[in-house]
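For the sequence shown, the numbering used here gives the first residue as 17, with consecutive numbering after it. For every residue, glycine included, the Cβ atom is placed at its ideal position computed from N, Cα and C.
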Amino acid sequence: MYEMRDNKPHFILIDYDLAKEVIGLDAFRRSSTGKHRTGTLPFMAYELVKDMARYGEPGHVPVVHRLRYDFESLFWVALWCAVKMPPGRDDSEDQMLHNVVKEWESGLLTMLASHKRALCTTPDDMRSLRLPPSSAYLRPWFRRWCKVMKKADSRLEEYKDAFEEPFPVLPFDMETVDGLLTRDSIKEGLGTVPYTPEELLELQETGEVERAVTNGPYDEESNDYQQARRCCSLSWFLDWCWPELANYPLDR
Numbered sequence: 017m018y019e020m021r022d023n024k025p026h027f028i029l030i031d032y033d034l035a036k037e038v039i040g041l042d043a044f045r046r047s048s049t050g051k052h053r054t055g056t057l058p059f060m061a062y063e064l065v066k067d068m069a070r071y072g073e074p075g076h077v078p079v080v081h082r083l084r085y086d087f088e089s090l091f092w093v094a095l096w097c098a099v100k101m102p103p104g105r106d107d108s109e110d111q112m113l114h115n116v117v118k119e120w121e122s123g124l125l126t127m128l129a130s131h132k133r134a135l136c137t138t139p140d141d142m143r144s145l146r147l148p149p150s151s152a153y154l155r156p157w158f159r160r161w162c163k164v165m166k167k168a169d170s171r172l173e174e175y176k177d178a179f180e181e182p183f184p185v186l187p188f189d190m191e192t193v194d195g196l197l198t199r200d201s202i203k204e205g206l207g208t209v210p211y212t213p214e215e216l217l218e219l220q221e222t223g224e225v226e227r228a229v230t231n232g233p234y235d236e237e238s239n240d241y242q243q244a245r246r247c248c249s250l251s252w253f254l255d256w257c258w259p260e261l262a263n264y265p266l267d268r
């Protein structure tokens, strides 16, 4: 954020006390100095919500903020936007979609954490999650994202179980679950999209954009050109996965 001082903008870094210092590659990471938990419930990682639910319990030790929480937060931001932001809904549909995100943003914190974990680590649940028609074509990417987090969640549970055994535990990167939850792993998991950014651009430039796909071949008999156009409206997703191609004109 910024504020004006003497008619000049002064930029302010939010929550700097919650930052962690990294000294060199894979070197010591200093814990944040912040003693309070901040965040917006719909976008917070389920472990942080669970930690908030336990606040004040005897013997409770607050969790240390990890990099993996920020990667999970990206998932919730993207999914929330896909559910809530598309325009053109009537009151009935709007209420149904409100009920979708209600399980992530209101109610008992223990239940919120449970709902979040179940959804983001169960790819099959994404098949039945209600999405607006204009966002339904994104479902395959959300499912693949869930698969990445499911694998990381299983590995984390294995590590916790091993930690309780009376045997030496091998070094383990808690920040990224031993590299299973990183930007690169998410990119790789989402990389099974039907077309690469270059291929989508080529389709659009050659007039073959109607052959772009959502979760299967484009239905030529339906002649749904708008469906094909939506398949190419992936800039919010592609800009993050392929920032080097951020200037491609996919939605013009």
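*Whole runs of the beta strand (DSSP E) within the segment 173-213, excluding any shorter than 3 residues*: none
*For the segment 88-99 against the segment 150-170, are there 3 or more C-beta pairs whose distance is under 8 Å?*
yes
*Does DSSP put residue 73 in a helix, in a strand, or in coil?*
coil
*In chain order, what residues of the same chain have a beta carbon less than 7 Å from the beta carbon of residue 124, not counting five sequence neighbours either side?*
none
*In angstroms with no decimal places, state the Cα-to-Cα distance between residue 87 and residue 137.*
13 Å
*Alpha-carbon to alpha-carbon, residue 56 and residue 27*: 22 Å
*Using 10 angstroms around the beta-carbon of residue 146, count the other beta-carbons present and answer buried if the total reaches 16, otherwise exposed.*
exposed
_Across the segment 61-74 and the segment 129-144, are there enough close Cβ pairs to call them in contact, namely three or more that are closer than 8 Å?_
yes
*Alpha carbon to alpha carbon, how far is residue 25 from residue 19? Give it in angstroms, no decimals.*
6 Å
*My understanding is that residue 168 touches residue 185, with C-beta atoms under 8 Å, so please give their C-beta distance in whole angstroms.*
Actually they do not touch by this definition, with Cβ atoms about 18 Å apart.
*Three-pair Cβ contact test at 8 Å for the segment 188-204 versus the segment 71-84*: yes
_By alpha-carbon positions, which one of 21, 79 and 179 ends up nearest to residue 191?_
79
*Could you check how far apart the C-beta atoms of residue 144 and residue 102 are, in whole angstroms? I think they sit under 8 Å.*
Rounded, the Cβ-Cβ distance is 19 Å, inconsistent with contact.
*Any idea which residues DSSP pairs residue 26 with across the strands?*
19
*Note down the Cα distance separating residue 16 from residue 71, rounded to an integer number of angstroms.*
Lying outside 17 to 268, the shown extent of the chain, residue 16 is not represented and no answer is given.
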